[in-house]
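This report refers to the structure that appears directly beneath it.
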Amino acid sequence: MEKNILTIKNLDITFRTNAGNIHAIRGIDFSLPIGKTVALVGESGSGKSVTMKAVAGLLDSNAVINSGEIIYDNLDLLTLSKKDLRQKINGQQIAMVFQDPMTSLDPTMQIGDQITEGMFLHKKISKADARQRAVELLKLVGIVDAEKRIKNYPHQLSGGMRQRVVIAIALSCEPKILICDEPTTALDVTIQAKILDLIKDLQAQMGLSVIYITHDLGVVAKVADFVNVMYAGKIIEFGTVEEIFYDPRHPYTWGLLSAMPDLETDDARLYSIPGSPPNLLHEPKGDAFAARNKFAMKIDEREVPPLFKISETHFAATWLLHPDAPKVDLPAELKSRLQRSRKAAGYE
Amino acid sequence: MNDPLLRVKNLCQHFKISRSFTVKAVNGVSFEIYPGETFGLVGESGSGKTTIGRTIIRLYDPTDGEIIFNRSKISGKLDNKTRRMLRKNMQMIFQDPMSSLNPSKKIGDIIGEGLDIFKLYSSLKERNEIIGEILKKVGLSPAHAERYPQQFSGGQRQRVGIARALVMNPKLIIADECISALDVSIQAQVVNLMKDIQDETQCAYLFIAHDLSMVKYISERIGVLHKGYLVETGTTKEIFSNPLHPYTKNLLSAVPQPNPAYERRRQLVPYNSETVDYEKCTLQRVSDTHFVLNHAD
Chain X
1 MEKNILTIKN
11 LDITFRTNAG
21 NIHAIRGIDF
31 SLPIGKTVAL
41 VGESGSGKSV
51 TMKAVAGLLD
61 SNAVINSGEI
71 IYDNLDLLTL
81 SKKDLRQKIN
91 GQQIAMVFQD
101 PMTSLDPTMQ
111 IGDQITEGMF
121 LHKKISKADA
131 RQRAVELLKL
141 VGIVDAEKRI
151 KNYPHQLSGG
161 MRQRVVIAIA
171 LSCEPKILIC
181 DEPTTALDVT
191 IQAKILDLIK
201 DLQAQMGLSV
211 IYITHDLGVV
221 AKVADFVNVM
231 YAGKIIEFGT
241 VEEIFYDPRH
251 PYTWGLLSAM
261 PDLETDDARL
271 YSIPGSPPNL
281 LHEPKGDAFA
291 ARNKFAMKID
301 EREVPPLFKI
311 SETHFAATWL
321 LHPDAPKVDL
331 PAELKSRLQR
341 SRKAAGYE
Chain A
1 MNDPLLRVKN
11 LCQHFKISRS
21 FTVKAVNGVS
31 FEIYPGETFG
41 LVGESGSGKT
51 TIGRTIIRLY
61 DPTDGEIIFN
71 RSKISGKLDN
81 KTRRMLRKNM
91 QMIFQDPMSS
101 LNPSKKIGDI
111 IGEGLDIFKL
121 YSSLKERNEI
131 IGEILKKVGL
141 SPAHAERYPQ
151 QFSGGQRQRV
161 GIARALVMNP
171 KLIIADECIS
181 ALDVSIQAQV
191 VNLMKDIQDE
201 TQCAYLFIAH
211 DLSMVKYISE
221 RIGVLHKGYL
231 VETGTTKEIF
241 SNPLHPYTKN
251 LLSAVPQPNP
261 AYERRRQLVP
271 YNSETVDYEK
281 CTLQRVSDTH
291 FVLNHAD
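Top to bottom, those sequences are chains X and A. FYI, in the numbering used here the residues of the first sequence are 1 to 348. FYI, in the numbering used here the residues of the second sequence are 1 to 297.
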């Protein structure tokens, strides 16, 4: 078994709002093996960003952590004070790349200063050295003319370049863990492909462990080693990327996979998951996905399914995996798609 | 083949920023859309796809070129009659369902605005019936007409956006990245809805997007834009199985697929646009439907 650099145990978070308490995270277990990439997949509102904000200590002030541990380096991050987190963990050990490169940079600061800001804060480093390092980082993330670019302001750069700068900032203090929150959603496909390749290269070079938050399954297939599928504040299926894409077990994962056309999808109707995710203002009873699940059974309305083990690495929370459950045939479209992709992958 | 519903000929749209600087957003783009078909327009951001959509529906005045819609010329100065024809028969679904609905108006009034302007009903009862009918068609309930936009989720709001466009019974709907802001599972719902409505009403779509797999799924023909030039156009099959322009190849190779083993092998086909001067190129015919922008030699 590989060693985990980060482990989340039974994390449970509620947000207090004027409308009532929103139970956003309902008991999450998650681990990040050292040097690997783990993807968190799910719809908006499923809690993927909240989970990672909890890791980075960036939760909004109305969040209440009911229970749970986030263990990094034998340290429970949730017991640390905000000050300790800021001084010892954030940026230095765990760095984050945000979704929108248009808004995550300071428009009034030269990018060189933005890159060195964290270094001055966390390390004893001379101005000249920091500058030198900033140039190196810019070169590392593939910005040509780094010496000149360092004096640029964000508005002088294109979207793809800005995201490279954001990555350079994240890497400035040599973190061990990089959390990427939908880093390419705002970018074009061609630039997205380049940024994804860049993150992969950097990971290999610097031995980073990466957590990748996204709802784009194509991106997951490219970057991830392990996949966690989230729904309504719970992880409902996890496994290696092959297990999730070639042998999914949870009906929600089936739905997600079928809803995204691949380039071979012909003119048949696109499968869509009916309805929309539950409002967590009212705690769903039983399986939160039951209302949208055409395979739902009576027990789904009463009891929350536990995680059933499929292999050493593959688990799914659905009553369909209970030994007493009736056998369910995969939807025909998905079946042929899975066959197709297994074939394309050379598995059959 | 029958007459095209929309014919765009040599369309240019330039924006003068200052005395010495003009953004040439769209340069000499020509294409046709036939009744009841879906034409997909793809390209990176800044390639001019949104500008084309907005010029066609005359949110901008075209700098040069000709647009013929429903047998009338709609480029140049519009007279009152043509404008009314255009506004009734061409509608737009906008990108962001969060910001494209007036937050201080009820859903029923947002949808009914066009009906009010064109006086398409004889009594208030009939108006409410039409609105209820269209809400049902997009999968909402007539009772929703009394609510405000903030009471809906993103997917539901985009349905309202579609209902607003549909209520006029248009011949052409311009869908500008109308699913990009939605979640994957909701995207599929909206795309299915658009297809069903097309089967029922025979309206044509100009589907503008950067998500190639979705464009492939919904369109019959596709135009690929780059830097304001239409670099390749053809049927969906021609573009995807036989892409000829290097930019199209580059774009296709960048689409991520939900298949890990394939993804690990996938290589981006490089393309350096700096070396090509599109201005000196013309559209070369490959087949009756397939054209590629290339040097004439």
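Cβ atoms here follow ideal geometry from the backbone N, Cα and C, with glycine treated the same way.
Exposed unless 16 or more other CB atoms sit within 10 angstroms - verdict on residue i
i, result
"residue 282/X", "exposed"
"residue 59/A", "exposed"
"residue 209/X", "buried"
"residue 20/X", "exposed"
"residue 183/X", "buried"
"residue 120/X", "exposed"
"residue 232/X", "buried"
"residue 81/X", "exposed"
"residue 216/X", "buried"
"residue 92/A", "buried"
"residue 108/A", "buried"
"residue 322/X", "exposed"
"residue 114/X", "buried"
"residue 117/A", "exposed"
"residue 223/A", "buried"
"residue 144/X", "exposed"
Span of the alpha helix (DSSP H), counted from its first residue to its last, around residue i
i, result
"residue 223/X", "217-223"
"residue 310/X", "Careful: residue 310/X lies outside any alpha helix (DSSP H) and carries neither H nor E."
"residue 118/A", "107-118"
"residue 147/X", "146-149"
"residue 204/A", "Run containing residue 204/A: none in the alpha helix (DSSP H); it sits in the beta strand (DSSP E), 204-209."
"residue 328/X", "It is not in any alpha helix (DSSP H) - residue 328/X carries neither H nor E in the DSSP assignment."
"residue 54/X", "48-56"
"residue 128/A", "124-137"
Chain A within 8 Å of residue i, Cβ atoms only
i, result
"residue 271/X", "yes"
"residue 193/X", "yes"
"residue 215/X", "yes"
"residue 253/X", "no"
"residue 116/X", "no"
"residue 219/X", "yes"
"residue 344/X", "yes"
"residue 262/X", "yes"
"residue 242/X", "yes"
"residue 356/X", "Residue 356/X lies beyond the range of chain X shown here (1 to 348); nothing can be said about it."
"residue 182/X", "no"
"residue 49/X", "no"
"residue 257/X", "yes"
"residue 44/X", "yes"
N- and C-terminal bounds of the beta strand (DSSP E) containing residue i
i, result
"residue 64/X", "63-72"
"residue 90/X", "Here residue 90/X belongs to no beta strand (DSSP E), and DSSP marks it neither H nor E."
"residue 36/A", "Where residue 36/A is concerned, there is no enclosing beta strand (DSSP E), given that its DSSP letter is neither H nor E."
"residue 229/A", "229-235"
"residue 226/A", "221-226"
"residue 210/X", "209-214"
"residue 181/X", "177-181"
Presumed contact (8 Å Cβ cut-off) between residue i and residue j, rounded CB distance
i, j, result
"residue 186/A", "residue 46/X", "Not really, about 13 Å apart at Cβ, beyond 8 Å."
"residue 193/X", "residue 6/A", "Incorrect: roughly 33 Å between the Cβ atoms, too far for contact."
"residue 98/X", "residue 166/X", "7 Å"
"residue 289/A", "residue 221/A", "7 Å"
"residue 250/A", "residue 221/X", "Their Cβ separation, rounded to whole angstroms, is 20 Å, which puts residue 250/A and residue 221/X out of contact at 8 Å."
Test: residue i CB closer than 8 Å to a CB of chain X
i, result
"residue 186/A", "yes"
"residue 189/A", "yes"
"residue 95/A", "no"
"residue 140/A", "no"
"residue 242/A", "no"
"residue 18/A", "no"
"residue 175/A", "no"
"residue 92/A", "no"
"residue 259/A", "yes"
"residue 256/A", "yes"
"residue 48/A", "no"
"residue 205/A", "no"
According to DSSP, residues forming a beta bridge with residue i
i, result
"residue 33/X", "4/X"
"residue 67/A", "8/A"
"residue 16/X", "21/X"
"residue 289/A", "According to DSSP, which records beta bridges pairwise, residue 289/A is partnered with nothing at all."
"residue 26/X", "12/X"
"residue 16/A", "22/A"
"residue 76/X", "71/X"
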